[in-house]
Amino acid sequence: MIGDPPTTPAATRVSDPILSLRGVTKVYEGGLTALSAIDLDIERGEIFALLGPNGAGKTTLIGVVCGIVRPTSGQILADGYDVARDYRKARQAIGLVPQELSTDAFESVWSSVKFSRGLFGKRPDPAYLEGVLKALSLWDKRDDKIMTLSGGMKRRVLIAKALSHEPHILFLDEPTAGVDVELRRDMWAMVHELRKRGVTIILTTHYIEEAEQMADRIGVIDKGKIVLVERKNTLMRKLGQKQLILHLSKPSKVLPKGLEDHTLELSQDGYRLVYTFDKHQEDTGIANLLARLSQLGIEYTDLQTQQSSLEDIFVSLVRAPT
Amino acid sequence: MNVRAIRSIYVFEMARAFRTLMTSILSPVITTSLYFVVFGSAIGSRIETIDGVAYGAFIVPGLMMLSILNESISNASFGIYLPKWSGTIYELLSAPVSHVEVIIGYVGAAASKSVLLGTLILLTARLFVPYEIVHPVWMVGFLILTAVTFSMFGFILGLWADSFEKLQVVPLLIVTPMTFLGGSFYSIKMLPPLWQKVTLLNPVVYLISGFRWSFYGTADVSVGVSLGMTLAFMLACLLGIRWIFATGHRLRA
Numbered sequence: 589m590i591g592d593p594p595t596t597p598a599a600t601r602v603s604d605p606i607l608s609l610r611g612v613t614k615v616y617e618g619g620l621t622a623l624s625a626i627d628l629d630i631e632r633g634e635i636f637a638l639l640g641p642n643g644a645g646k647t648t649l650i651g652v653v654c655g656i657v658r659p660t661s662g663q664i665l666a667d668g669y670d671v672a673r674d675y676r677k678a679r680q681a682i683g684l685v686p687q688e689l690s691t692d693a694f695e696s697v698w699s700s701v702k703f704s705r706g707l708f709g710k711r712p713d714p715a716y717l718e719g720v721l722k723a724l725s726l727w728d729k730r731d732d733k734i735m736t737l738s739g740g741m742k743r744r745v746l747i748a749k750a751l752s753h754e755p756h757i758l759f760l761d762e763p764t765a766g767v768d769v770e771l772r773r774d775m776w777a778m779v780h781e782l783r784k785r786g787v788t789i790i791l792t793t794h795y796i797e798e799a800e801q802m803a804d805r806i807g808v809i810d811k812g813k814i815v816l817v818e819r820k821n822t823l824m825r826k827l828g829q830k831q832l833i834l835h836l837s838k839p840s841k842v843l844p845k846g847l848e849d850h851t852l853e854l855s856q857d858g859y860r861l862v863y864t865f866d867k868h869q870e871d872t873g874i875a876n877l878l879a880r881l882s883q884l885g886i887e888y889t890d891l892q893t894q895q896s897s898l899e900d901i902f903v904s905l906v907r908a909p910t
Numbered sequence: 052m053n054v055r056a057i058r059s060i061y062v063f064e065m066a067r068a069f070r071t072l073m074t075s076i077l078s079p080v081i082t083t084s085l086y087f088v089v090f091g092s093a094i095g096s097r098i099e100t101i102d103g104v105a106y107g108a109f110i111v112p113g114l115m116m117l118s119i120l121n122e123s124i125s126n127a128s129f130g131i132y133l134p135k136w137s138g139t140i141y142e143l144l145s146a147p148v149s150h151v152e153v154i155i156g157y158v159g160a161a162a163s164k165s166v167l168l169g170t171l172i173l174l175t176a177r178l179f180v181p182y183e184i185v186h187p188v189w190m191v192g193f194l195i196l197t198a199v200t201f202s203m204f205g206f207i208l209g210l211w212a213d214s215f216e217k218l219q220v221v222p223l224l225i226v227t228p229m230t231f232l233g234g235s236f237y238s239i240k241m242l243p244p245l246w247q248k249v250t251l252l253n254p255v256v257y258l259i260s261g262f263r264w265s266f267y268g269t270a271d272v273s274v275g276v277s278l279g280m281t282l283a284f285m286l287a288c289l290l291g292i293r294w295i296f297a298t299g300h301r302l303r304a
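Chains as they are written, first to last, in the numbering used here: chain C, 589 to 910; chain R, 52 to 304.
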């Protein structure tokens, strides 16, 4: 069991935010509170992963920043501009790749991307758009109707459209949902490349692996509230528990007597003893455990350690009573 | 003003019309030609002149209005409904465009298509009947005003509709009957006195009457009233659109 989330309101603030939310609340007409007084800063140039279960408020959060959903209260600054008062400048800074594969099915890739650039008030720049399409392996498909493309290719078209106006902030709402492993890894590479160019990326995902692989910081949203914002590495260090797994020579039906004082679990097949410990504690208890096993004459053939994944942390957080 | 966004929406919408040339342009032209064959030639040969105008020529303005009304509504409503239906509306909502720019783009494209179509029908009519245009500037004025006004009405319809059925129901069950009963094929003076009064409740009467006046200099109602009613309907549409955008109705949650 992981303890209370380590987040304090100050943890959501950074010195040079490219995106800043203060007290952002959204209550839908039916009375559902989708966002509850959200305070959040996104650092310039970072990759921020927003995790949360279905219905947690991830897409609503993106919606209020991008202008698709009207917040009930609160203030949002994007690239220094208020998204309500200076909506033109704020929106010019933002690109959005939606969760749904919503495309202009009857249009060609090229005309759709060109349309997006114009819509954001940018002067035509075929060379730039060519570069975007080539980077996304879409150049050969530029004259194809979008309806003829595969799901993965349509996802790329959405990314190309979002990048067409050269945004500083890119929202990726579940970017790799329904995408095969190869394409997913391509997208991860692309996201890192964009970050190198100075684009700030905020992604929501169900794939914890994605957040672990890509994010600099991780936020967890649940029931419309930010329950945690932390640097990924800090988070893993703070919350990550380690496990020592001992492979026994002989199976045991119950936890051997004399080991009750240690936080041990026996696997169902009786061959593995799992000891969970905090690796940052001065005394992890491993030495005592191994000595005790030796005293009791319990033999083991192998031992290994493993660290809690972000998934374990995430599940633990969203299951915790709020 | 984000002129590039307006241009993008306009070009995008016009391209859609040209991509679907058969349904957008050719179909209404063929349908109108059939009206000329049936009403103008077959039936018209048995009807005397109306207000000194041969029947075939008399129905030209009415037929143009019939097509312009239907096409303006259909083009504008479909233009904004399609992104709502497909989900691509997110892009429009998240773009740095104002409501006015969105309206200019969509309504401008729909109205342009209608004016183009009206011109094609006018040219097609020439193949069947001789006609004259006494007030060409007013004719163009009424044509554009009607196209813009009903494109705005179609835009409202497209924002309101949440199904293809709703998209069709207003043009089919309200606009088309109103157009037929609005004097497209007859002068309202030909009606019994009571129906002459009842038919004045139909706003399409004023559009057709004013448009016909620009062709032949005669009208069922005074041209000033026609113009006033058209402008009043345009104002009502503008207020409707303003209210929809102000409330976020059916667009923004």
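We put the beta carbon where it would ideally sit given N, CA and C, even for glycine.
Taking 8 Å as the CB-CB limit, is leucine 48(R) close to chain C? Because residue 48(R) is not part of the residues shown, which for chain R are 52 to 304, the question remains open.
Figure out for me which residue from Phe63(R), Phe296(R), Tyr106(R) has the closest Cα to the Cα of valine 701(C). Residue mapping note: residue 701(C) aligns to position 113 of the first sequence, counting from 1. For the options Phe63(R), Phe296(R), Tyr106(R), the alpha carbon positioned closest to that of valine 701(C) is the one of Phe63(R).
Which residues in chain R have a C-beta closer than 8 Å to the C-beta of arginine 711(C)? List them in chain order. Position 123 of the first sequence holds residue 711(C). Under the 8 Å cutoff, chain R gives Arg55.
Cross-chain neighbours of alanine 297(R) in chain C, by beta carbon under 9 Å: Position 246 of the second sequence holds residue 297(R). Within chain C, no residue comes near alanine 297(R); the closest Cβ sits about 11 Å away, beyond 9 Å.
Keeping to the same chain, check which residues put their C-beta closer than 6 Å to that of serine 265(R); ignore five residues upstream and five downstream. The sequence position of residue 265(R) within the second sequence is 214, counting from 1. Correct list, in chain order: His186, Trp189, Met190, Phe193.
Helix, strand or coil for lysine 939(C)? Go by DSSP, reduced to three states. No answer is possible for residue 939(C): it lies beyond the span of chain C, which begins at 589 and ends at 910.
Taking 8 Å as the threshold (beta carbon to beta carbon), is leucine 707(C) in contact with chain R? Along the first sequence, read from residue 1 onward, the residue named residue 707(C) stands at position 119. True, the Cβ-Cβ gap to chain R drops below 8 Å.
For serine 202(R) and alanine 162(R), the rounded distance between their alpha carbons: Within the second sequence, numbered from 1, the residue matching residue 162(R) stands at position 111. Within the second sequence, numbered from 1, the residue matching residue 202(R) stands at position 151. Looking at the two C-alpha atoms, the distance is approximately 6 Å.
Run down chain C in chain order and give the residues with a C-beta less than 9 Å from the C-beta of glycine 138(R). As a working note, residue 138(R) is residue 87 in the second sequence. Near glycine 138(R) (Cβ distances below 9 Å), the residues of chain C are Pro686, Glu688, Leu689, Ser690, Thr691.
Would isoleucine 734(C) pass as a contact of valine 697(C) if the rule is Cβ separation under 8 Å? Translated into the one-based positions of the first sequence, residue 734(C) becomes position 146. Translated into the one-based positions of the first sequence, residue 697(C) becomes position 109. Contact: yes.
What is the C-beta distance between isoleucine 664(C) and valine 615(C), in whole angstroms, given that I count them as a contact (C-beta under 8 Å)? If you number the first sequence from 1, residue 664(C) lands on position 76. If you number the first sequence from 1, residue 615(C) lands on position 27. So it is not a contact: roughly 16 Å between Cβ atoms.
From Tyr859(C), Asp667(C), Lys830(C), residue whose alpha carbon lies closest to that of valine 842(C): Here residue 842(C) refers to the residue found at position 254 when the first sequence is read from its first residue. Checking every option, the nearest Cα to that of valine 842(C) belongs to Tyr859(C).
With 8 Å as the threshold, decide whether the Cβ of glutamine 829(C) is near any Cβ in chain R. Taking the first residue of the first sequence as position 1, residue 829(C) is located at position 241. Closer than 8 Å: no.
Whose Cβ in chain R lies nearer than 7 Å to the Cβ of glutamine 680(C)? Taking the first residue of the first sequence as position 1, residue 680(C) is located at position 92. Result: Pro147.
Assigned exposure category for methionine 241(R) - 16 Cβ within 10 Å defines buried: Counting from 1 along the second sequence, the entry for residue 241(R) is found at position 190. Within 10 angstroms of the beta-carbon of methionine 241(R) lie fewer than 16 other beta-carbons, which makes it exposed.
Put proline 605(C) into one of helix, strand or coil per three-state DSSP. One-based indexing of the first sequence puts residue 605(C) at position 17. Strand, per DSSP.
Spatial neighbours of aspartate 857(C) within its chain, please: CB distance less than 8 Å, with the 5 preceding and 5 following residues excluded, ordered by chain position. Here residue 857(C) refers to the residue found at position 269 when the first sequence is read from its first residue. Residues of the same chain with a CB within less than 8 Å of the CB of aspartate 857(C), apart from the 5 flanking positions on each side, are Pro839 in chain order.
Under 7 Å (Cβ pairs) to chain C, residues found in the region 152–174 of chain R: Those residues of the region 152–174 of chain R that come within reach of chain C (Cβ to Cβ, closer than 7 Å) do not exist; the list is empty.
Residues bridged to glutamate 818(C) by DSSP? Against the first sequence, residue 818(C) aligns to sequence position 230. Its beta-bridge partners are Ile806(C).
7 Å Cβ cut-off: residues of chain R touching phenylalanine 703(C): Position 115 of the first sequence holds residue 703(C). The contacting residues are Ser59, Phe63.
How far does the beta strand (DSSP E) with glutamate 853(C) in it extend, from its first residue to its last? Position 265 of the first sequence, counting from 1, holds the residue named residue 853(C). That run of the beta strand (DSSP E) goes 852–854.
Which whole-angstrom value is the C-beta distance of isoleucine 833(C) and glutamine 894(C), which I expect to be below 8 Å? In the first sequence, counting from the first residue as 1, residue 833(C) sits at position 245. In the first sequence, counting from the first residue as 1, residue 894(C) sits at position 306. About 7 Å; that satisfies the 8 Å criterion.
Threonine 699(C) versus chain R: which residues are under 8 Å apart at the beta carbon? Position 111 of the first sequence holds residue 699(C). The sequence as given places serine at residue 699(C); threonine does not occur at that position. Going along chain R in sequence order, the residues near serine 699(C) (Cβ under 8 Å) are Phe63, Ala66.
List, in chain order, every chain C residue whose beta-carbon is nearer than 8 Å to that of leucine 144(R). Here residue 144(R) is taken as the residue at index 93 of the second sequence, counted from 1. Simply Cys654, Gly655, Ile656.
Delimiting residues of the beta strand (DSSP E) encompassing glycine 662(C): For this step, residue 662(C) is matched to residue 74 along the first sequence. Start and end: 661–666.
Hey, is leucine 223(R) close to the ligand ADP, as in C-beta under 7 Å from one of its heavy atoms? This structure does not include the ligand ADP; it has no bound ligands of any sort.
Determine the DSSP secondary structure at phenylalanine 865(C), reduced to helix, strand or coil. Walking along the first sequence from the start, residue 865(C) turns up at place 277. Of the three classes helix, strand and coil, the one that applies to phenylalanine 865(C) here is strand, per DSSP.
Segments assigned alpha helix (DSSP H), at least 4 residues, entirely inside the region 79–155 of chain R: You should have 106–137, 140–144.
To the nearest angstrom, report how far apart alanine 297(R) and valine 80(R) are at their CA atoms. Mapped onto the second sequence, residue 297(R) falls at position 246. Mapped onto the second sequence, residue 80(R) falls at position 29. Between alanine 297(R) and valine 80(R), the alpha-carbon positions lie close to 38 Å from each other.
Just the Cα atoms here: how many angstroms apart are glycine 885(C) and asparagine 876(C)? The sequence position of residue 885(C) within the first sequence is 297, counting from 1. The sequence position of residue 876(C) within the first sequence is 288, counting from 1. So the alpha carbons of these two residues sit roughly 14 Å apart.
Tyrosine 132(R) at chain C interface by Cβ criterion, 8 Å: Taking the first residue of the second sequence as 1, we reach residue 132(R) at position 81. No, tyrosine 132(R) lies away from the interface with chain C (no Cβ there is under 8 Å from its Cβ).
Cβ of lysine 540(C) less than 8 Å from any chain R Cβ? Only positions 589 to 910 of chain C appear in this structure, which leaves residue 540(C) out of reach.
Please state the DSSP three-state secondary structure of aspartate 761(C). Reading the first sequence from its first residue, position 173 is the one you call residue 761(C). In this structure, aspartate 761(C) counts as strand in the three-state DSSP scheme.
Pick helix, strand or coil for proline 593(C), following the three-state DSSP scheme. Taking the first residue of the first sequence as 1, we reach residue 593(C) at position 5. A caution first: proline 593(C) carries a pLDDT of 38, below 50, which makes its placement in the model too unreliable to give a value.
So what does valine 62(R) bridge to, in DSSP terms? As a working mapping, residue 62(R) is identified with position 11 in the second sequence. Bridge partners of valine 62(R) according to DSSP: none are assigned.
Starting from arginine 772(C), find everything on chain R with Cβ-Cβ shorter than 9 Å and list it in chain order. Here residue 772(C) refers to the residue found at position 184 of the first sequence. Those do not exist, as arginine 772(C) stays about 22 Å from chain R at its closest Cβ, beyond 9 Å.
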